[in-house]
Amino acid sequence: MKKIEAIIRKSKFSTVKNALHEVGVNFFSYWDVTGLGNEKEGHVYRGVSYSTSDIQRRYLSIVVNDDFEDVTVKAILESASTGDVGDGKIFVSHIDEVYRIRTGEKGGQTLK
4 MKKIEAIIRK
14 SKFSTVKNAL
24 HEVGVNFFSY
34 WDVTGLGNEK
44 EGHVYRGVSY
54 STSDIQRRYL
64 SIVVNDDFED
74 VTVKAILESA
84 STGDVGDGKI
94 FVSHIDEVYR
104 IRTGEKGGQT
114 LK
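Using our numbering, you'd call the opening residue of the sequence shown number 4 and step up by one each time.
Next up, the structure:
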């Protein structure tokens, strides 16, 4: 099993959510977060300068079976991209075990 964590633009959340549902990822958790990025210069909008390094983002946490890793990552990459600096990051890590609290069962079938 894999844990896929993605930090995306809040404005792309609905698009990413729909893309994940289309490929069969129907459960994930998300949080609103703020972070600092690599961009050092600010932008000017209507004469007001603002920093783009600490813009609000959305953090997604998704656990999938190994065979869903590539499909899930591809869905996020394609739906979250604007082509501009600050589109976000995706992290993939290994999950040793999953338990369903209600029944006590464990393993990949608990993700279905």
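C-beta atoms are modelled at their ideal positions from N, C-alpha and C, and glycine is treated no differently.
For the beta strand (DSSP E) containing Thr113, list its first residue and its last residue. Within the sequence shown, numbered from 1, the residue matching residue 113 stands at position 110. Element bounds for Thr113: n/a, residue is neither H nor E.
Just tell me which of Lys115, Ala9, Met4, Val67 has its CA closest to the CA of Arg61. As a working mapping, residue 61 is identified with position 58 in the sequence shown. Arg61 has its Cα closest to that of Ala9, out of Lys115, Ala9, Met4, Val67.
In the stretch 62-86, which residue ranges form an unbroken alpha helix (DSSP H) of at least 4 residues, counting only runs that do not cross its ends? 72-83
Enclosing beta strand (DSSP E) for Phe30 [first to last residue]: As a position in the sequence shown, residue 30 is number 27, starting the count at 1. Element bounds for Phe30: n/a, residue is neither H nor E.
Taking Thr75 as the reference, give the member of Gln112, Lys13, Asn29, Lys109 with the closest Cα. Counted from its first residue, the sequence shown places residue 75 at position 72. The residue with the shortest Cα to Cα distance from Thr75 is Asn29.
Can you check which of these residues, Gln59, Ala22, Asp99, Phe16, is closest to Thr37 by C-alpha distance? Counting from one through the sequence shown, the residue named residue 37 turns up at place 34. Comparing Cα-Cα distances from Thr37 to each of Gln59, Ala22, Asp99, Phe16, the minimum goes to Gln59.
Leaving out five residues before and five after Val26 in sequence, what residues of the same chain have Cβ atoms less than 6 angstroms from its Cβ? Numbered from its first residue, the sequence shown carries residue 26 at position 23. Here the set comprises Val74, Ala78.
Go to Ser17, then tell me how far its alpha helix (DSSP H) extends in each direction, as first and last residue. As a position in the sequence shown, residue 17 is number 14, starting the count at 1. Unbroken alpha helix (DSSP H) run through Ser17: 16-25.
Leaving aside the five residues before and after Asp35 along the sequence, list all residues of the same chain whose C-beta is less than 8 angstroms from its C-beta, in chain order. Locating residue 35 in the sequence shown gives position 32, where the first residue counts as 1. Lys13, Gln59, Arg60, Arg61, Tyr62, listed in sequence order.
Mind reading off the beta-carbon distance from Ile7 to Ile93? Whole number of angstroms is fine, and I expect it under 8 angstroms. Here residue 7 corresponds to residue number 4 of the sequence shown, with the count starting at 1. Here residue 93 corresponds to residue number 90 of the sequence shown, with the count starting at 1. Contact flag correct, Cβ pair sits at about 7 angstroms.
Suppose the cutoff is 7 angstroms on Cβ atoms and the five residues either side in sequence are ignored; what does the same chain contact list for Glu100 look like? Counted from its first residue, the sequence shown places residue 100 at position 97. Cβ neighbours of Glu100 beyond the five flanking positions: Lys109.
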